[in-house]
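Visitor: The UniProt record's numbering applies: residue 1 is where the sequence shown begins, and numbers increase by one.
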Amino acid sequence: MSDHSPATDFTLHGHAGALVGRAWTIPEPHWVAVIAHGYGEHIGRYGWVAERLRDAGAAVYGADHVGHGCSDGERVLISDFEPVVDDLDLVVEHAAAEHPGVPIVLIGHSMGGMIAARYTQLHADRLLATVLTGPVLGSWITVDSLLAQDEIPATPIDPDTLSRDPAVGAAYAEDPLVWHGDFARPTLEGLRQAMATIAAAGGVGEHPMLYLHGEGDRLVPLPASWEGLLELRGPRTFTKTYPGAQHESLNETNRDEVLADVIGFVEGVLALPR
1 MSDHSPATDF
11 TLHGHAGALV
21 GRAWTIPEPH
31 WVAVIAHGYG
41 EHIGRYGWVA
51 ERLRDAGAAV
61 YGADHVGHGC
71 SDGERVLISD
81 FEPVVDDLDL
91 VVEHAAAEHP
101 GVPIVLIGHS
111 MGGMIAARYT
121 QLHADRLLAT
131 VLTGPVLGSW
141 ITVDSLLAQD
151 EIPATPIDPD
161 TLSRDPAVGA
171 AYAEDPLVWH
181 GDFARPTLEG
191 LRQAMATIAA
201 AGGVGEHPML
211 YLHGEGDRLV
221 PLPASWEGLL
231 ELRGPRTFTK
241 TYPGAQHESL
251 NETNRDEVLA
261 DVIGFVEGVL
271 ALPR
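1. Can you give the Cα-Cα distance for leucine 222 and methionine 209, rounded to whole angstroms?
2. With a threshold of 8 Å, are at least 3 pairs of Cβ atoms found where one atom belongs to the segment 89–107 and the other to the segment 168–185?
3. Do arginine 126 and valine 92 count as a contact pair if the criterion is CB distance below 8 Å?
4. Should the segment 77–90 be called in touch with the segment 113–120, which here means at least 3 C-beta pairs below 8 Å?
5. Would you mind listing the alpha helix (DSSP H) stretches within the segment 240–270 that are 4+ residues and don't spill past its ends, in chain order?
6. Decide if the segment 145–155 is in contact with the segment 163–171; the criterion is three or more beta carbon pairs, one per stretch, under 8 Å apart.
7. So, with DSSP's three-state summary, where would you put threonine 142?
8. Count the other CB atoms, across all protein chains shown, that sit within 10 Å of the CB of glutamate 28; report buried if there are 16 or more and exposed otherwise.
9. Identify the residues that DSSP records as bridge partners of threonine 11: which are they?
10. With 16 other CB atoms within 10 Å as the buried threshold, where does arginine 45 fall?
11. Given that a residue counts as buried once 16 or more other Cβ atoms are within 10 Å of its Cβ, and exposed if not, what is threonine 239?
12. For the alpha helix (DSSP H) that contains tyrosine 172, what are its first and last residues?
13. In chain order, what residues of the same chain lie with their CB nearer than 6 Å to the CB of threonine 11, ignoring the 5 residues before and after it?
14. Measuring only the C-alpha atoms, how far is threonine 130 from alanine 124?
15. How far does the alpha helix (DSSP H) with tyrosine 119 in it reach, from first residue to last?
16. Check each candidate in Arg22, Thr25, Gly38 and Glu248 and name the one with the smallest Cα separation from aspartate 165.
17. How many Å lie between alanine 260 and glutamate 227 at the Cα?
18. Look at the alpha carbon of leucine 232 and the alpha carbon of aspartate 217, and state the distance between them as a whole number of angstroms.
19. Excluding sequence positions up to five away, which residues of its chain have a Cβ less than 8 Å from the Cβ of glycine 26?
20. Run through DSSP, which three-state label would threonine 161 get?
21. If you drop the 5 nearest sequence neighbours on each side, which residues of the same chain put their C-beta closer than 6 Å to that of alanine 50?
22. Can you name, in chain order, every residue of its own chain whose Cβ lies under 7 Å from the Cβ of glycine 38, other than the five neighbours on each side?
23. From the DSSP output, in three-state form, read off glycine 47 for me.
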């Protein structure tokens, strides 16, 4: 689009060093989207999502979590997710400072959905709404099965579990900023604790929230995540699941439908009196 400036990178000082982020901005946005990415990946994989959101009137921000992408920290080592939630708040503050008074929507995918859920429990007052796609909630069979073993076996993410579009898996497999190695035991323990913390903290009340999940998700299966959602949801939580869709709803073969659902939800909330 002619009014779209190129994406720009920014750096914030997170709890463990530099948080490297990316912003896709437009003049006078109607809303701001802050994206929290998933385990092992990075914010650069969300370029097409950001462009679609820009077309819908949003300025888009996101940063690589500690130990991910271009940010500092030992690779994929997160033993405690509460400081990662604090890091996400730095991104929200940065976006808010660049667009004062513009409502902010948090979009979290997979592990980022878990982080976004916890952020919403703590800081819903800073957000207009929250969107969770394929979030790690309730329990995660990957965590439970690996922690039960004396030694963590080789556990790279299978690219074929991401999307029915083979190009998505191929690009993921070739991406040097994606972690292609094993889970660290402290990270598995941190994930389990974070899910328990969210469950204990209760629902998000009247905060508008959209939960989206692929029914064919083999990486973060729907049933366990849905159980976690039941602890989190409130009267303004909306849900939709996609038959056959795998883990990355935003990169699936029906991605246009999914983004339209996200944008429609946000536009509906924006239209409500505040």
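Note that beta-carbon positions come from the ideal geometry of N, C-alpha and C, so glycine has one too.
Guide: Judging by the given coordinates:
1. 17 Å
2. no
3. yes
4. yes
5. 255–270
6. Touching, no, given that fewer than three Cβ pairs across the two stretches are closer than 8 Å.
7. helix
8. That one is exposed.
9. The bridge partners DSSP lists for threonine 11 are Val20.
10. Result: buried.
11. exposed
12. 166–174
13. Ala18 and Val20
14. 9 Å
15. 111–123
16. Glu248
17. 26 Å
18. Taken atom to atom, the span from the alpha-carbon of leucine 232 to that of aspartate 217 is near 20 Å.
19. Position check: residue 26 holds isoleucine in this sequence, whereas glycine was assumed. When the five nearest sequence neighbours on each side are left out, the beta carbons in the same chain lying within less than 8 Å of the beta carbon of isoleucine 26 are those of Asp3, His4, Ser5, Arg54, Gly57, Ala58 and Ala59, in order along the chain.
20. helix
21. Closer than 6 Å at the Cβ level, and outside the excluded window around alanine 50, lie Trp24 and Val60.
22. His109, Ser110, Met111 and Gly112
23. helix
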